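Report on the following structure.
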Amino acid sequence: MTEVKKLVEKEVLMNGTQAVAHAAMYADVDVVAAYPIRPYTEVMDTISKLIADGELDAEFIVAEGEHGQFETVKHASLAGARTLVGSSGVGWLYGMEAIVVTATDRAPVVAIIGNRALDDPGAYGVEHNDALMVRDVGWLLVWVDTAQEAFDTTLIAYRVAEDQRVLLPLGISMDGGFLTHSEQIVRLPPKELVKNFLPPYNRGKYLVHPDNPITVAPQVNEDWVMEIRRQHEEAMERARGVIVEAYEEFKKVFGRYPGSTNELQMPENPFVEPYMIDDAEVVLIGMGTVSKPMKVAIKNMRRQGYKVGMLRIRWFRPFPTQDVIKYLANSRVVCVVDRDYSMGSPNRGGVIYHEIRSSLYDLDQRPRVINFIGGLGGREITIQDVEKIIKIGYEHRDTPITKPVYWVGVRGDPW
Numbered sequence: 037m038t039e040v041k042k043l044v045e046k047e048v049l050m051n052g053t054q055a056v057a058h059a060a061m062y063a064d065v066d067v068v069a070a071y072p073i074r075p076y077t078e079v080m081d082t083i084s085k086l087i088a089d090g091e092l093d094a095e096f097i098v099a100e101g102e103h104g105q106f107e108t109v110k111h112a113s114l115a116g117a118r119t120l121v122g123s124s125g126v127g128w129l130y131g132m133e134a135i136v137v138t139a140t141d142r143a144p145v146v147a148i149i150g151n152r153a154l155d156d157p158g159a160y161g162v163e164h165n166d167a168l169m170v171r172d173v174g175w176l177l178v179w180v181d182t183a184q185e186a187f188d189t190t191l192i193a194y195r196v197a198e199d200q201r202v203l204l205p206l207g208i209s210m211d212g213g214f215l216t217h218s219e220q221i222v223r224l225p226p227k228e229l230v231k232n233f234l235p236p237y238n239r240g241k242y243l244v245h246p247d248n249p250i251t252v253a254p255q256v257n258e259d260w261v262m263e264i265r266r267q268h269e270e271a272m273e274r275a276r277g278v279i280v281e282a283y284e285e286f287k288k289v290f291g292r293y294p295g296s297t298n299e300l301q302m303p304e305n306p307f308v309e310p311y312m313i314d315d316a317e318v319v320l321i322g323m324g325t326v327s328k329p330m331k332v333a334i335k336n337m338r339r340q341g342y343k344v345g346m347l348r349i350r351w352f353r354p355f356p357t358q359d360v361i362k363y364l365a366n367s368r369v370v371c372v373v374d375r376d377y378s379m380g381s382p383n384r385g386g387v388i389y390h391e392i393r394s395s396l397y398d399l400d401q402r403p404r405v406i407n408f409i410g411g412l413g414g415r416e417i418t419i420q421d422v423e424k425i426i427k428i429g430y431e432h433r434d435t436p437i438t439k440p441v442y443w444v445g446v447r448g449d450p451w
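Okay, so the sequence shown: first residue is 37 according to the working numbering, each after it adds one.
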């Protein structure tokens, strides 16, 4: 198997959106619904080219707007079609009615979310609030930080979402601009191996078909809503084990770990990426491409004697609570960098900050947690910004936190 893989594997320069489109082609999607909005649009541009060039046989439907776009793939998925859809920013929110019922109807749609700030004021740059709008309604959510991870995670997404133990929609989030438009080398495996990894989509007894009359989304009111919500939550919990299985199978089939371009580089955990964390007194937390300046800053600061590491959150739903506890329990200060906001929340902190604090709350001895909100609207979080965050964290190793939330680099605010 290894020799075949080496003979036919290709290395191609592509950005994050193109990587998702090529993975969808390898997954042999049946129905694609498109409507343009930056920065996700190039996924659909690439898909349309692949269809035109005869490399993909799929129904390509251009909707009248995002609501119709998501309704299209929801119904196609319930009828047994493997689907791809996507959006960004307020486009994602415009389809929200259809997006919510895609989860409650248990349609395993795979969506690419090119993270973008919510208008107004207008901004094409990255914020995570668009994708996070579905964090509580039953969507699986994963963040990627390289084009290779985008390709690999798309294949994993179909394997996880379509598993009959799960049957939930899955959103793949990538930072607008920083990854959607950033070109990197991606290793494309032979299609034969993808077929070994990804079975055909099979809804079994839940298939909507004239020969299989079933009811989907009936009006049940108080008689059955509680039971249905509980079943939904149990499916989300089962997804944890299915995710682990998918990553292990990926490694067996392709000879490397998802997101890795090196057979020897085998991350130990599908849900999080620990980096230089074993002896770290201060640990940085983030999602997406903020991991890049974090890693450089960590190396710089370690040369100066700072014991600092990073934990990148890959899977936000289901949230990796036990992994967070495992990697952070022995640290002294946790610095959470949020590329989002949660107006009026406790301590005025961001979304990830609250998830991390909640995860650590029951520990008898828990680290101090400080929040840093930054990079909104696509503003860069620089290496220098991260080095300053590390220094602030170090200052609070033995002192109480009097300022729990900092806004990074805001004009006129000497943070």
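All C-beta atoms in this analysis are idealised placements derived from N, C-alpha and C, irrespective of residue type, glycine included.
No experiment lies behind these values; they were computed from the predicted model shown.
- When only Cα atoms are considered, E263 and V252 end up about 15 Å apart.
- CA-to-CA, the gap between A365 and Y237 works out to about 40 Å.
- Of the candidates T216, L204, A112 and L114, T216 places its Cα closest to the Cα of M50.
- By the beta-carbon neighbour count (other beta carbons within 10 angstroms, threshold 16), R142 is buried.
- Sixteen is the threshold: since fewer than 16 other Cβ atoms of the shown chains lie within 10 Å of the Cβ of H245, the residue is exposed.
- Burial check for K110: the Cβ neighbour count within 10 Å reaches 16 or more, so the residue is buried.
- Distances from the alpha-carbon of K46 to those of T77, G445 and Q184 put Q184 closest.
- The shortest CA-to-CA distance from E285 to any of K241, T357, L234 and L86 is the one to L234.
- I97 and I334 have their C-alpha atoms roughly 46 Å apart.
- The closest CA to that of S123, considering only I73, F290, R201 and P306, is found on I73.
- If you check the CB distance, V180 and T189 come in under 7 Å.
- R348 is bridged by DSSP to E309 and G322.
- L129 sits in a helix when the DSSP states are folded into three classes.
- In its chain, beyond the 5 residues on either side, V405 have a beta carbon closer than 7 Å to the beta carbon of R393.
- The Cβ-Cβ distance between L168 and D315 does not fall below 7 Å.
- Apart from the 5 residues on each side of it in sequence, V126 sits with its Cβ closer than 7 Å to the Cβ of L154 and D155 in its chain, given in chain order.
- In terms of Cα proximity to D211, the closest of V48, N165, G445 and S378 is N165.
- Classified as buried, K331 has 16 or more neighbouring CB atoms from the shown chains inside 10 Å of its CB.
- Taking a 10 Å sphere around the C-beta of R265, we find fewer than 16 other C-beta atoms and assign the residue as exposed.
- Less than 7 Å divides the Cβ of M346 from the Cβ of Y311.
- When secondary structure is reduced to three states using DSSP, I192 falls in the helix class.
- As the crow flies, the alpha-carbon of G161 is around 19 Å from that of I388.
- Shown here, H432 sits in coil according to DSSP, grouped into three states, outside any helix or strand.
- Rounded to whole angstroms, the Cβ separation of G131 and E95 is 19 Å, and the two are not in contact under 8 Å.
- The three-state reading of DSSP puts H268 in helix, counting H, G and I together.
- In the structure shown, I388 falls within a helical segment according to DSSP collapsed to helix, strand and coil.
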